Amino acid sequence: VVVGGGFAGLSAARTLKSLSPSLDVVLVEPKTEYIACPFSNLVVVGERQISDQVFGYAAAKAQGIRHFPLYANQIDPVARRVELSDGTSLDYDRLILAPGISFNYEAIDGYSEAAAKLMPHAWEAGEQTILLREQLSSMQDGGTVAIVAPPNPYRCPPGPYERASLIAHYLKRHKPRSKVLVLDAKDRFSKQGLFQSAWRSEYGDMIEWQGLSDGANVIGVDPVKNLIKTDFDEYKVDVANVTPPQRAGKIAIDSGLATESGWCRVEALTFVPLIEPNINVIG
477 VVVGGGFAGL
487 SAARTLKSLS
497 PSLDVVLVEP
507 KTEYIACPFS
517 NLVVVGERQI
527 SDQVFGYAAA
537 KAQGIRHFPL
547 YANQIDPVAR
557 RVELSDGTSL
567 DYDRLILAPG
577 ISFNYEAIDG
587 YSEAAAKLMP
597 HAWEAGEQTI
607 LLREQLSSMQ
617 DGGTVAIVAP
627 PNPYRCPPGP
637 YERASLIAHY
647 LKRHKPRSKV
657 LVLDAKDRFS
667 KQGLFQSAWR
677 SEYGDMIEWQ
687 GLSDGANVIG
697 VDPVKNLIKT
707 DFDEYKVDVA
717 NVTPPQRAGK
727 IAIDSGLATE
737 SGWCRVEALT
747 FVPLIEPNIN
757 VIG
């Protein structure tokens, strides 16, 4: 049984079926279509359509992989059983868990799933991607786009800075008096030297980055007023792209496979959790 039909889970399911066609491979994934995050920043700036991000499961089914379009509510590693959202259960000989991520909304005062409809994180592709695109498109020239980058660890470490680059690229062409403000919960980020060198050469002072030592750690937001509060300051912006701290997907936490850190600790070469030898956690 493979729980989770994103990049990791589906790749694992299809590879296993290719290597051993006699295996009964079952994919538990509630969605019937997958909307990919990679390249979604191009959707945000209008250079790619959201439809280009959508993928189905027909090829997996053609391989003989059984797809259950249901949520996994609970994993029982002792009984080797997955309980599904319709009340049924699946027994397994081996489980691959690809839970993705979930958001720690409580870490930022005023931010929530409802607030994300006004201040999108767009860290899950789909409606959030389109919302951020619409806000950027409707912003007046001379506005400020704030990007709140989360603390480590989180999915796709270069992501906030790739987004800042592409948004600056869009603004330079269409709204050149505007600004990108990156408020970062850390002092160092992935490929920092390369990003900042390119920002200076391509966009001048259009992108302003502030790190933890600058007091840029975001502690609260007011989504109605488009206010962002840091340890030492408050910013009124036109577009707020707020990515909260992250942790493992809900199913991993509910099943006791995540530690107090919110993440699953695994053996590096096998992706086997240190607390459960009959599961692989990937993604």
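Using my numbering, the letters of the sequence shown correspond one by one to residues 477 to 759. Note that CB positions come from ideal geometry on N, CA and C, so glycine has one too. Only a predicted model underlies this, so the values are computations on that prediction, with no experimental measurement involved.
Check: Given a cut-off of 7 angstroms, decide if V478 and A488 are closer than it, judged by their beta-carbon atoms.; Outcome: yes
Check: Classify Q686 as helix, strand or coil using the three-state DSSP reduction.; Outcome: strand
Check: My understanding is that R490 touches A536, with C-beta atoms under 8 angstroms, so please give their C-beta distance in whole angstroms.; Outcome: 6 angstroms
Check: In or out: A601 buried (at least 16 other Cβ within 10 Å) or exposed?; Outcome: buried
Check: Should the stretch 536–551 be regarded as contacting the stretch 491–498, the criterion being three or more beta carbon pairs within less than 8 angstroms?; Outcome: yes
Check: With a threshold of 16 other CB atoms inside 10 Å of the CB of V766, please say whether the residue is buried or exposed.; Outcome: Look at the range of the chain in this structure, 477 to 759, and you will see that residue 766 is not part of it.
Check: If you count every other CB in all the chains shown that lies within 10 Å of the CB of K655, and 16 or more means buried, which is it?; Outcome: buried
Check: Residues in the same chain with beta-carbon distance under 8 angstroms from V694, minus the five sequence neighbours each way, listed in chain order, please.; Outcome: I584, V624, L659, A661, I704, K705, T706 and V718
Check: Can you tell me whether L486 is buried or exposed, with buried defined as 16 or more other CB within 10 angstroms of its CB?; Outcome: buried
Check: Among residues of its own chain, excluding the 5 on either side of G532, which ones have a beta-carbon nearer than 6 angstroms to its beta-carbon?; Outcome: E509
Check: Which partner residues of I572 appear in the DSSP bridge assignment?; Outcome: V478 and N756
Check: Sorted by chain position, which residues of the same chain lie with C-beta nearer than 7 angstroms to Q550's C-beta, five sequence neighbours on each side aside?; Outcome: E559, D730 and S731
Check: By how many angstroms is the C-alpha of E603 removed from the C-alpha of L518?; Outcome: 15 angstroms
Check: For E752, count neighbouring Cβ atoms within 10 angstroms of its own Cβ and tell me buried if that reaches 16, exposed if not.; Outcome: buried
Check: Have a look at S614 and E743 and give me their C-alpha separation to the nearest angstrom.; Outcome: 47 angstroms
Check: Mind checking whether A484 and A548 have CB atoms under 7 angstroms apart?; Outcome: no
Check: Could you compute how far the alpha carbon of S565 sits from the alpha carbon of A734?; Outcome: 22 angstroms
Check: Just curious, the beta strand (DSSP E) that A625 is in, first and last residue?; Outcome: T620 to A625
Check: Can you tell me which of the three DSSP states P760 falls into?; Outcome: Residue 760 lies beyond the stretch modelled for the chain, which goes from 477 to 759, so this question has no answer here.
Check: Hey, quick one: how far does the beta strand (DSSP E) through L594 stretch, first residue to last?; Outcome: That residue, L594, is in no beta strand (DSSP E); it is neither H nor E in DSSP.
Check: For a test of the three-state rule: what should DSSP assign to S588, helix, strand or coil?; Outcome: coil
Check: I729 lies in the alpha helix (DSSP H); which residues open and close that run?; Outcome: K726 to D730
Check: Measure the CB-CB distance between P634 and P721 and report whether it falls below 7 angstroms.; Outcome: no
Check: Q529 to D681, Cα distance in whole Å?; Outcome: 32 angstroms
Check: List the DSSP bridge partners of Q550.; Outcome: E559
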